[in-house]
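Asker: Mind looking over this structure? Questions follow.
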Amino acid sequence: MPIKSRTHGPAQGRDATMKRNRFAILRRFGRETRGATAVEFAFVAGPFLLLVLATLEIALLFFAGSVIENAVAETARDIRTGRLQTAGGTEATFRAAVCERIDVIADCGKLAIDVRTFEDFSSADFQDPRDGNGEIDDSGFTFAPGGPGDVVVVRAFYPWRIITPSLGLGLSNMSGNRRMIAAATAFRNEPFEE
1231 MPIKSRTHGP AQGRDATMKR NRFAILRRFG RETRGATAVE FAFVAGPFLL
1281 LVLATLEIAL LFFAGSVIEN AVAETARDIR TGRLQTAGGT EATFRAAVCE
1331 RIDVIADCGK LAIDVRTFED FSSADFQDPR DGNGEIDDSG FTFAPGGPGD
1381 VVVVRAFYPW RIITPSLGLG LSNMSGNRRM IAAATAFRNE PFEE
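Here's what the structure looks like:
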């Protein structure tokens, strides 16, 4: 009677069983749906959170710009009506009035204000206030609120820090991941008594 080799019998059966078990595990994993929502959320959560952050960043930037524009327009009324000039107001008085309106959203120490008088509206001409390094250069700024009937332009500039520069929104227009917020108003002074 021939002797049968045991290397082909039970060992071969064990290998076949292990292969079936591997495929069974893969099939079972493919049918499993309990974690599908978590996996799908993981794919969607990252881009969704980036979208929310970008929306909040832009909303905050527009809000700050709106607050600064409103502060400049409202405070410039004191110049237009002559109230600032007749009360002996100075640049510090005007700055304090603007700062009072923006202190909720901005640091007044970074605010640059330029008030100029012109003969008429067509002669009002301005350059970009940023220097070669992308910083606001207020060395040429003046405070000249003018007299009755004068054309006055009030400008304010604020370097707003971008919170999420890595999102690549292209919001920075200054060095150091900042954006220059500019607000301006032009008007002819009312005929007030000096």
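Taking the working numbering, the leading residue of the sequence shown gets 1231, the next gets one more, and so forth. Backbone N, C-alpha and C fix where the C-beta goes; we use that ideal spot for every residue, glycine too.
Run through DSSP, which three-state label would Gly1392 get?
Answerer: For the purposes of this step, residue 1392 is taken as the residue at position 162 of the sequence shown. Going by the sequence as given, residue 1392 is Ile instead of Gly. If DSSP states are grouped into helix, strand and coil, Ile1392 belongs with coil.
Asker: Is the beta carbon of Arg1385 closer than 8 Å to that of Ala1414?
Answerer: For the purposes of this step, residue 1414 is identified with residue 184 of the sequence shown, where counting begins at 1. For the purposes of this step, residue 1385 is identified with residue 155 of the sequence shown, where counting begins at 1. A contact, by the Cβ cut-off of 8 Å.
Asker: What three-state label does DSSP hand Ile1343 in the structure shown?
Answerer: Your numbering for residue 1343 matches position 113 in the sequence shown. Residue state, collapsed to three classes: strand.
Asker: Using the DSSP secondary-structure output, state which residues sit across from Val1383 in a beta bridge.
Answerer: Within the sequence shown, numbered from 1, the residue matching residue 1383 stands at position 153. For Val1383, which the question treats as bridged, DSSP gives the partners Arg1346 and Ala1416.
Asker: Among Pro1378, Pro1359, Gln1315 and Pro1421, which residue has its Cα nearest to the Cα of Met1404?
Answerer: By 1-based counting over the sequence shown, the position of residue 1404 is 174. Out of Pro1378, Pro1359, Gln1315 and Pro1421, Pro1359 has the C-alpha closest to the C-alpha of Met1404.
Asker: What does DSSP give as the partner residues of Phe1324 in its beta bridges?
Answerer: Taking the first residue of the sequence shown as position 1, residue 1324 is located at position 94. Phe1324 pairs with nothing; no bridge assigned.
Asker: Just grab the DSSP bridge partners of Phe1373 for me.
Answerer: As a working note, residue 1373 is residue 143 in the sequence shown. BP columns for Phe1373 point to Val1345.
Asker: Look at the alpha carbon of Arg1346 and the alpha carbon of Val1274, and state the distance between them as a whole number of angstroms.
Answerer: Start at 1 with the first residue of the sequence shown, and residue 1346 comes out as number 116. Start at 1 with the first residue of the sequence shown, and residue 1274 comes out as number 44. C-alpha separation (whole angstroms): 52 Å.
Asker: Between the alpha carbons of Asn1300 and Asn1363, how many angstroms are there, rounded?
Answerer: Taking the sequence shown and counting its residues from 1, the one referred to as residue 1300 is at position 70. Taking the sequence shown and counting its residues from 1, the one referred to as residue 1363 is at position 133. Using only the alpha carbons, I get a separation of about 29 Å.
Asker: DSSP on Arg1264, reduced to helix/strand/coil?
Answerer: Taking the first residue of the sequence shown as 1, we reach residue 1264 at position 34. Of the three classes helix, strand and coil, the one that applies to Arg1264 here is coil, per DSSP.
Asker: Nearest by alpha-carbon distance to Arg1307: which of Met1410, Arg1391, Asp1333 and Gly1376 is it?
Answerer: In the sequence shown, residue 1307 corresponds to position 77, counting from 1. Nearest C-alpha to Arg1307: Gly1376.
Asker: Going along the chain, which residues of its own chain have a beta-carbon closer than 7 Å to the beta-carbon of Leu1283, five neighbours each way excluded?
Answerer: What you label residue 1283 is simply residue 53 of the sequence shown in a count that begins at 1. Within the same chain, Leu1283 has close Cβ partners Thr1394 and Leu1397.
Asker: For Val1381 versus Glu1349, is the C-beta spacing smaller than 8 Å?
Answerer: Within the sequence shown, the letter at position 151 stands for residue 1381. Within the sequence shown, the letter at position 119 stands for residue 1349. Yes.
Asker: Of all the options Arg1250, Glu1270, Ala1416 and Ala1374, which has the alpha carbon lying nearest to the alpha carbon of Phe1324?
Answerer: For the purposes of this step, residue 1324 is identified with residue 94 of the sequence shown, where counting begins at 1. It is Ala1374.
Asker: Spatial neighbours of Arg1418 within its chain, please: CB distance less than 6 Å, with the 5 preceding and 5 following residues excluded, ordered by chain position.
Answerer: Indexing the sequence shown from 1 puts residue 1418 at position 188. Answer for Arg1418: Val1381, listed in chain order.
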